[in-house]
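Protein sequence lines, in the order shown, are assigned to chains P and C.
The numbering of the first sequence is the numbering used here, which starts it at 1 and goes up by one.
The numbering of the second sequence is the numbering used here, which starts it at 1001 and goes up by one.
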Amino acid sequence: MSKNVTNVCIMIILPVVFINIWFYLAKSINNTVILPSPAMVLQLLSHPSENLISMGSLTNNIFVSLLRVLAGYLLAVILAIPLGILMGYYAKMFILFNTFVGIFRPIPPLAWVPLVLAWFGISSFATFTGVERGILFIYLNNLKFSMVFIIFIGAFYPVLTSAIYGVKNVKKTLIDSARVLGASESDIFFKILIPAAEPSIVNGMRIGLGVAWMCLVSAEMLPGSLSGIGYLITHAYTIARTDVVIAGMICIGVVGALMDMFFRIFEDKKFKWQRLIR
Amino acid sequence: MITDTIIKINQLNKTYHTELGKQIKAIENFNLDININNFICIVGPSGCGKSTLLRIIAGLDSASSGLVSFQGQAISKPSRDIGMVFQEYSLLPWRTVIDNVSLGLEFNRLAKQERLEVAGSFLKMVGLEDYAKAYPYELSGGMQQRVAIARALANNPQVLLMDEPFGALDAHTRILMQKELLSIWEKNMKTIVFVTHSVDEAIYLADTIIVMSSHPGGVKEVINVNMSRPRDRANPIYAQLASQILLMLEEEVTKVK
């Protein structure tokens, strides 16, 4: 028990120091536009379902943002994992895709914005599905293609790279021994390659989700966006509500950290074998 | 005495192409008949193509020319009849011991109940029935290799290939494993082709020792070990044979220089 208490104490040292410095600076600057006090921000955070600057509540905006991230992220995962596994296993597939994919990798998701807007404009999944009213319309209309695309680009590469890496690093002996035992090609994929590469793939999924979440603000700055935590931040900035900006930033940080934590807990449980074979 | 040949290797050649475009002859004109239920040990200097030979017999690599056949059929891909145990630990770390042993049975679409029964009996044979639910990382190196042997045998192969399976074990464990392997072999008479660096190991285990020449690899000498089992390392014949083989290997190593 004492060990846990010590750890918690160590853990909260920096946040406490940070908040104190913030308090002190806010007090000495004495200008809420430049730096609002922690108390103001806390006030906002403690009433998350309150309507802010007529832009909806924090919880509502986070929910919309999560929906967008999830859409782009799922798309990235669905495409990147199979592609990564094939590229990792078949040398020819790797040669076929690597240069092509490699050219797009260094392009920051934000650099896609003009092109994406030219292509998709403000069309959304609502346009695509033809839903024109009701609750479903509100949600679908918030899933703009352009945003989903930016998030997709952000999440795609970490997932792809770690899937390739995971499969390439599967010990050859494991594959050979399975062959000798009579494994078919699909056995090799489903019973050897995928389970062996799974820790690396899941790790890539965790990093990809983090990047997708980080792409959110840039995606929500796009025209046609009328909600979302990123939009709330940029809009609050234009009307000099720095406290709302900071509250929004904290929300992004906390949600991102929570998602990361859930992934880590899952990894620790599921891939105990990987930690212990070292 | 009439003996049945189970594996026939006829004028086998294997040439590698390096990345620089050079050709390297790994095996040249290799001929060998392996008789059923024999325990064959292949010794040779490192890099003489022993492992390549084994991989070709297993169907994991293909020959450049020549024929390797099992019961008269040319070997072109891995088959259930020829099992293999590797030097490196080859168990799947995310599966329990029993699930590792039943891997081959799973590939052959046996029902789960049957799989567990067969795997359990082979696990018992290698003395690890108490570790069925353990994971490979909880086992010592020697125990892991025993599981790998059980896994290969559970598939009921006619021939068991072993590529320096005890190479990574400490000297004491190694001697225990040799004893155990012999008792397994006596219990369910399979043909075993065992590659090793250790002359001592070869003499302790083999009916027939194949000494390989190197660069390119071929058969230098075939030696029948005419000693009763279990073999006594203190027997003068043992020592004489060992020095004879060591001398041959020395020739092969110095030849390269």
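The beta-carbon is built from N, C-alpha and C at its ideal position, and this holds for glycine as well.
Inset, instruction - Over the uninterrupted beta strand (DSSP E) stretch that includes C/Asp1163, give me the two end residues. - result: Run containing C/Asp1163: Val1159 to Asp1163, per the beta strand (DSSP E) assignment.
Inset, instruction - Taking only the alpha-carbon atoms, compute the straight-line gap between P/Thr129 and P/Lys144 and give it to the nearest angstrom. - result: P/Thr129 and P/Lys144 have their alpha carbons spaced roughly 12 angstroms apart.
Inset, instruction - Output the distance between the C-alpha atoms of P/Val131 and C/Leu1139, rounded to the nearest integer angstrom. - result: If I take the Cα positions, the gap works out to 59 angstroms.
Legend entry - Counted within 10 angstroms of its Cβ, other Cβ atoms place C/Ala1171 as buried (16 or more) or exposed: C/Ala1171 is exposed by the Cβ-count criterion.
Legend entry - Inside the segment 107 to 131 of chain P only - beta strand (DSSP E) runs reaching at least 3 residues: With a minimum length of 3 residues, no continuous beta strand (DSSP E) run stays inside the segment 107 to 131 of chain P.
Inset, instruction - May I have a chain-ordered list of the alpha helix (DSSP H) segments no shorter than 4 residues that lie completely inside the segment 26 to 80 of chain P? - result: Listed in chain order, the complete alpha helix (DSSP H) runs (minimum 4 residues) inside the segment 26 to 80 of chain P are 38 to 45.
Legend entry - For C/Glu1252 and C/Pro1045, the rounded distance between their alpha carbons: A straight line joining the alpha-carbon of C/Pro1045 with that of C/Glu1252 spans about 7 angstroms.
Legend entry - Spatially closest choice to P/Leu96 from P/Pro106, P/Ile107 and P/Gly84, by CA coordinates: Looking at the Cα atoms, P/Gly84 is the closest of the given residues.
Legend entry - Residues near C/Phe1086 by beta carbon distance below 6 angstroms, same chain, minus five either side: Taken in chain order, the residues that qualify are Asp1163.
Inset, instruction - Please list, in chain order, all residues of the same chain as C/Val1101 whose beta carbon is under 7 angstroms from its beta carbon, the five residues on each side excluded. - result: Here the set comprises Ala1119, Phe1122, Leu1123, Val1147, Ala1150, Arg1151 and Ala1154.
Inset, instruction - Return the CA-CA distance between P/Leu74 and P/Asn169, expressed in angstroms with no decimal places. - result: Rounded to the nearest whole angstrom, the CA to CA distance from P/Leu74 to P/Asn169 is 25 angstroms.
Legend entry - Cβ shell of P/Ser225 (< 6 angstroms), same chain only, five flanking positions each side left out: Answer for P/Ser225: Tyr231, listed in chain order.
Inset, instruction - Spatial neighbours of C/Cys1048 within its chain, please: CB distance less than 8 angstroms, with the 5 preceding and 5 following residues excluded, ordered by chain position. - result: Same-chain partners within the cutoff: Met1212, Ser1213, Ser1214, His1215, Gly1217 and Glu1252.
Inset, instruction - Please work out which residues of its chain come closer than 8 angstroms, Cβ to Cβ, to C/Asn1156, disregarding the five sequence neighbours upstream and downstream, and give them in chain order. - result: By the criterion of a C-beta distance shorter than 8 angstroms, C/Asn1156 is surrounded in its chain by Arg1080, once the five residues flanking it on both sides are discounted.
Legend entry - chain P contact for C/Asn1156 (CB, 8 angstroms cutoff): Using beta-carbon distances, C/Asn1156 does not count as an interface residue toward chain P, since no partner is under 8 angstroms.
Inset, instruction - Go ahead and label P/Glu220 buried or exposed: buried means 16 or more other beta carbons lie within 10 angstroms of its beta carbon, across all protein chains shown. - result: Burial state of P/Glu220 is buried, judged by a 10 Å Cβ sphere holding 16 or more other Cβ atoms.
Legend entry - Under the three-state DSSP convention, the category C/Val1225 falls into: Reduced to three states, the DSSP call for C/Val1225 is coil.
Inset, instruction - Determine, using beta carbons only, whether P/Gly182 and C/Asn1108 come nearer to each other than 8 angstroms. - result: Contact: yes.
Legend entry - Stretch-stretch touch, CB-based, cutoff 8 angstroms, three pairs: the segment 1201 to 1209 of chain C with the segment 1032 to 1043 of chain C: Flag = yes, the segment 1201 to 1209 of chain C and the segment 1032 to 1043 of chain C touch.
Inset, instruction - Please name the residue in C/Pro1230, C/Val1193, C/Leu1247 and C/Ile1237 whose C-alpha comes closest to that of C/Asp1033. - result: The shortest C-alpha separation from C/Asp1033 is found at C/Val1193.
Inset, instruction - Taking 8 angstroms as the cut-off, decide whether the C-beta atoms of P/Ala76 and P/Phe152 are in contact. - result: Yes, these two residues count as a Cβ contact at 8 angstroms.
Legend entry - Close beta carbons around P/Val217, own chain, < 6 angstroms, minus the five adjacent residues each side: Within the same chain, P/Val217 has close Cβ partners Gly230.
Legend entry - Helix, strand or coil at C/Gln1113 [DSSP, three-state]: The DSSP-derived three-state label of C/Gln1113 is helix.
Legend entry - Strand pairing of C/Cys1041, partner residues [DSSP]: Paired residues: C/Phe1194 and C/Ile1209.
Inset, instruction - Check each candidate in P/Phe23, P/Ile103 and P/Gly72 and name the one with the smallest Cα separation from P/Ile150. - result: Comparing C-alpha distances from P/Ile150 to each of P/Phe23, P/Ile103 and P/Gly72 shows the shortest one belongs to P/Gly72.
Inset, instruction - Please state whether DSSP places C/Phe1070 in a helix, a strand or coil. - result: C/Phe1070: strand per DSSP, three-state reduction.
Inset, instruction - Can you give me the Cβ contacts of C/Ile1098 inside the same chain, cut-off strictly under 6 angstroms, excluding the 5 residues immediately before and after it? - result: Once the five neighbours on either side are set aside, the close Cβ partners of C/Ile1098 are Ala1119 and Ala1132.
Inset, instruction - Label P/Ala111 either buried or exposed according to how many other C-beta atoms from any shown protein chain fall within 10 Å of its C-beta, with 16 as the threshold for buried. - result: That one is exposed.
Inset, instruction - Run the CB neighbour count on P/His235, radius 10 Å, all protein chains shown included, and call it buried at 16 or more, exposed below. - result: Answer is buried; the Cβ neighbour count reaches 16.
Legend entry - Beta-carbon separation (whole angstroms), C/Met1084 vs P/Val180, contact threshold 8 angstroms: Rounded to the nearest angstrom, the Cβ distance from C/Met1084 to P/Val180 is 4 angstroms, consistent with a contact under 8 angstroms.
Inset, instruction - Give a yes or no on whether 8 angstroms exceeds the smallest Cβ distance from C/Pro1230 to chain P. - result: Using beta-carbon distances, C/Pro1230 does not count as an interface residue toward chain P, since no partner is under 8 angstroms.
Inset, instruction - Please confirm whether P/Ser200 and P/Ser162 have their CB atoms less than 8 angstroms apart. - result: Taking a C-beta distance under 8 angstroms as the contact criterion, P/Ser200 and P/Ser162 qualify as a contact pair.
Legend entry - Beta carbon proximity, P/Ala183 to chain C, threshold 8 angstroms: Under the Cβ criterion of 8 angstroms, P/Ala183 is counted among the residues facing chain C.
Legend entry - Within-8 angstroms CB hit, C/Pro1078 to chain P: Interface annotation, C/Pro1078: in contact with chain P, CB-CB separation under 8 angstroms.
Legend entry - the segment 1063 to 1083 of chain C contacting the segment 1005 to 1019 of chain C, beta-carbon criterion three pairs below 8 angstroms: With a cut-off of 8 angstroms, the segment 1005 to 1019 of chain C and the segment 1063 to 1083 of chain C count as touching, because enough Cβ pairs lie within range.
Legend entry - Short Cβ contact (8 angstroms threshold) for P/Ala124 with P/Asn98: Checking the sequence, you will find Ser at residue 124 of chain P rather than Ala. If you check the CB distance, P/Ser124 and P/Asn98 do not come in under 8 angstroms.
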